[in-house]
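Number of protein chains: 2
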Amino acid sequence: MKISINPNEESWSELIERPALKRDEITKVIVDIFSEVSKKGDSALCDFNQKFDSAFIDDLAISQIEIEKACNSINDELKYAIQEAKENITTFHASQKEEIRKIETQKGVVCWRESRAIEKVGIYIPGGTAPLFSTVLMLAIPAQIAGCKEIIVCSPPDKNGNINPAILYTAQLCGVTKIFKTGGAQAIAAMTFGTESVPKVNKIFGPGNQFVTMAKEYAQQFGVAIDMPAGPSEVLVIADEKAIPEFCAADLLSQAEHGSDSQVIFIANNLDIFNETIKEVNRQLDVLPRNEFASNSLNSSHFILLDDINKAFEFSNLYAPEHLIVAIENFEKYIPFIQNAGSVFLGNYSCESAGDYASGTNHTLPTNGFAKNYSGVSLDSFIKKITFQEITKEGIQNIGKTIEVMAEAEGLIAHKNAVSVRIKSSMIKK
Amino acid sequence: MKISINPNEESWSELIERPALKRDEITKVIVDIFSEVSKKGDSALCDFNQKFDSAFIDDLAISQIEIEKACNSINDELKYAIQEAKENITTFHASQKEEIRKIETQKGVVCWRESRAIEKVGIYIPGGTAPLFSTVLMLAIPAQIAGCKEIIVCSPPDKNGNINPAILYTAQLCGVTKIFKTGGAQAIAAMTFGTESVPKVNKIFGPGNQFVTMAKEYAQQFGVAIDMPAGPSEVLVIADEKAIPEFCAADLLSQAEHGSDSQVIFIANNLDIFNETIKEVNRQLDVLPRNEFASNSLNSSHFILLDDINKAFEFSNLYAPEHLIVAIENFEKYIPFIQNAGSVFLGNYSCESAGDYASGTNHTLPTNGFAKNYSGVSLDSFIKKITFQEITKEGIQNIGKTIEVMAEAEGLIAHKNAVSVRIKSSMIKK
């Protein structure tokens, strides 16, 4: 825990630093994996399953029997919870649909946009210490609302060759069309090139370790789009004198337990709240099962006292946190000051966990400062907006001269001519 | 001109092929340029101006005097045309603003999105054979509507150290805050890292040659976002028996004149229209000033006769053209079949030139098949959408159990605890 009391603004650039990717070391591994998968397809994926996950598998695709078995193994309480989360996430993401608005910019010149689903999307779900079925909800639900025809999931198998049943249950619930037992950079390569089993997709979504992150970055060279660049998860909590230290501490720890590289920042303008929250963090930490991750993450976390709460928002905009919790009584008044953040949680009862699982907002969000230039995943991430225009004879007469003059000034005479032949013809024909 | 008569679908994959980037050769050059600019700043930019553009310049920033001089040198006809285009582009892009919609997903759980401008954006305008002031309109106007605080333009100087006056006039008209005389990969590097003169930006927009394209791709490794991956410009025209060969030919040529690598595809379902259009292309080509570019481009263009017009739309979706012209009488009925395209021009009087300059739609569009997974530039490209949520005590009581069950199933007990402490407290407190 690094404590700063009213740090001056010159020192802020240090406080907002993120861990760097070990780019060169990782790149070579990824280039090799992509080359193997593009050459050998499924057989390369099976080899990597053995090498990295100690899993010996012949059939990469999850069977209907495996899905049924998984569904039967999930208890009703969890099923009900997943279904309730699904409803809320569906409600919020369906509200992001856009009506077609036709705009007549000049008489006879009508322009509009129409949304079309990205045809094939791939969702990567990491294996490892937590079975992230919630991420299946966050990515498959908007894909299904958008109308994507193919929604596939890739996830690494455990050493018995299985994928966690909650992931399988959620995938079938949300219209995932195919699920494959493959993880890491090789899964990203498979979705990029396609293999005998795994379809080539147009866009890849989902979290992962540094290898997955860089594999997604690399995949773009082959024409695939990705949801966004990624990094370790983050939270920044801003607390005033009405904040509740027990809640703040719980929120900070819920971020810290993700992994040793999780980024945690706490800012308060009140010394009592500040000290109490630190005490609470230590108290709650002791009883956490993922105590080791949380401790490691807390070691590099920043606890900052800033007398002026406005400065806290300035700092937050500079840091651009993935999650911003505003534990402030009159939070409404600060909303306009929030410029850079992935998702914002307002007031004492809006905890990050709610957005992580079930309130309706998406939890795939820009980290690593990318909240300055990227939005989180939404329905928009699964569609393209195509512009349309319909120009009548009257329209081309109205707008034609302008186009001719501009095209000529750019020296593009064929562009001009495409208008001139139409103006001429529109004058002659009835 | 490559002519195909009812090609079978197996041969389509050849017909939709795009030219490949010479990636390896270019990468090395770009890595070196980025390294130079990050180390030496302005002085590197001045060196590259000498080396690549034979321009000897001390001050990279365009001065107020230069802008005034440029404005005075533009004739009224062109000024009026640019202003009319600006109005239409403003109208269409302003219509893309989104109202805030608060959604109560469960009682006491309210979620919504708010848009915030990306703070600093950089616009690259190529030099070369055509002074693309229209691209300034297309990128600076939505940036200004979005509320970007810093909107900079970089463009290479001519050998006298000047930038085309129409570019300067348009930039000042559209609220560009600073203009710099620097081009190519070095301009992209300058906007990525910042130099003494050029500010570091959050997102880079604009077209360019293969070096600029790959420099933008590379810039992303340093945290900058880009508008989209790029490639040579493209048009696909679908014509039925009511199409006008003179218009179709003019549209094909307006694409072909962009450069030798421009991609041009014509599909008709009627042999007369097909043959007449080919004749017209050759007739109009002869008198074009950019005849050489157009001829080269046409050499690799495809003219395809497909008896079934529905097949034409299947082909088009597979090709995913940047521009799609639908020269078909009853075009409405085909709109739902259009899945992959950047911008669509409907009917005989909607020419691509209109969208290139003045109708209101954006001309920065996905090429190279990227219309399958990217939208063109719009207001959305200059904003982030931040999700907000406000959960009341009642809300956390309603949704809390669901979050607890899911968090526990993912093994994230601190996530669960962040809810549990709030439920407990909300039961006790009034």
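First to last, the sequence lines map onto chains A and B. Heads up: the first sequence at position 92 corresponds to 92 in our numbering, and the numbers run straight through without jumps. Add 1000 to a position in the second sequence, counting from 1, and you land on the number used in our numbering. Beta carbons: idealized from backbone N, C-alpha and C, even for Gly.
Only residues of its own chain outside the window of five on either side were considered, and among them Met1138, Gly1376, Val1377, Ser1378 have a CB closer than 7 Å to the CB of B:Asn1362, listed in chain order. Note: A:Leu346 is bridge-paired with A:Val326, B:Glu1390 in the DSSP secondary-structure output. Non-local C-beta neighbours of A:Ile304 in its own chain, meaning closer than 6 Å and more than five positions away in sequence, comprise Ser4, Ile267, ordered along the chain. Against chain B, the beta carbon of A:Gln106 has neighbours under 7 Å at Asn1088, listed in chain order. Annotation for A:Gln220: no alpha helix (DSSP H) segment contains it, and DSSP assigns it neither H nor E. Nearest neighbour of B:Asp1240 by Cα position, chosen from B:Ala1225, B:Asn1269, B:Ala1250, B:His1258, turns out to be B:Asn1269.
As for any beta strand (DSSP E) of minimum length 3 sitting wholly inside the segment 1171-1244 of chain B, the runs are 1178-1181, 1203-1205, 1234-1239, ordered along the chain. For chain B, the residues of the segment 128-148 of chain A that bring a beta carbon within less than 8 Å of one of its beta carbons are Thr129, Ala130, Pro131, Leu132, Phe133, Ser134, in chain order.
Taking 9 Å as the CB threshold, A:Asp32 stays off the interface with chain B. For the 9 Å CB-CB criterion, B:Pro1131 and A:Gly395 do not form a contact.
With a beta-carbon spacing of about 7 Å, A:Leu288 and A:Leu253 fall inside the 8 Å limit used to define contacts. By the Cβ neighbour-count rule, A:Leu324 is buried, with 16 or more other Cβ atoms within 10 Å of its own. Taking one beta carbon from each stretch, the segment 337-356 of chain A and the segment 295-304 of chain A have fewer than 3 pairs nearer than 8 Å; the two do not touch.
Among the residues of chain B, none has a CB under 7 Å from the CB of A:Cys71; the nearest is roughly 14 Å distant. Residue pairing by DSSP places B:Ile1304 opposite B:Ser1004, B:Ile1267 in a beta bridge. B:Gly1223 and A:Phe370 have their C-alpha atoms some 7 Å from each other. Listed in chain order, the alpha helix (DSSP H) elements of length 4 or more contained wholly in the segment 1130-1168 of chain B are 1133-1146.
At a C-beta separation below 7 Å, A:Ser38 has no neighbours in chain B, since its nearest C-beta there lies roughly 15 Å away.
The residue among B:Lys1149, B:Asn1209, B:Ala1117 with its C-alpha nearest the C-alpha of B:Pro1156 is B:Asn1209. When 8 Å is used as the limit between beta carbons, A:Ser301 is near no residue of chain B, the shortest such separation being about 14 Å.
For B:Ala1070, the uninterrupted alpha helix (DSSP H) run begins and ends at 1064-1073, by DSSP. Counting along the chain, the unbroken beta strand (DSSP E) around B:Ala1117 starts and ends at 1109-1117.
Its chain contains Glu150, Ile151, Ile152 as the residues whose beta carbon lies nearer than 7 Å to that of A:Thr177, once the 5 sequence neighbours on both sides are disregarded; these appear in chain order. Between A:Gly360 and chain B, the shortest Cβ-Cβ separation is below 9 Å. Taking a Cβ-Cβ threshold of 8 Å, the residues of chain B close to A:Tyr374 are Ala1225, Lys1384, in chain order. Counting along the chain, A:Tyr319 sits inside the alpha helix (DSSP H) bounded by residues 309-319. Proximity of chain A to B:Glu1084 at the Cβ level (cut-off 7 Å) is accounted for by Thr402, in chain order.
Look at the segment 274-304 of chain A: the residues with a C-beta under 8 Å from a C-beta of chain B are Gln284, Leu288, Pro289, Arg290, Ala294. Shortest Cα-Cα distance from A:Asp158 to any of A:Ile125, A:Thr135, A:Gly147, A:Asn368 involves A:Ile125. By the criterion of a C-beta distance shorter than 7 Å, B:Ile1386 is surrounded in its chain by Arg1113, Glu1114, Arg1116, once the five residues flanking it on both sides are discounted. Residues are counted here when their Cβ sits less than 8 Å from a Cβ of chain B; for the segment 202-232 of chain A these are Asn202, Lys203, Glu217, Gln220, Gln221, Gly223, Val224, Ala225, Pro229, given in chain order.
About 5 Å separates the beta carbon of B:Gln1106 from that of B:Asn1398, a gap short enough to meet the 8 Å contact definition.
Nearest CB-CB separation between B:Pro1366 and chain A: below the 9 Å threshold. At the C-beta level, B:Val1121 and B:Val1037 stay beyond 9 Å of one another. Classified as buried, A:Pro245 has 16 or more neighbouring CB atoms from the shown chains inside 10 Å of its CB.
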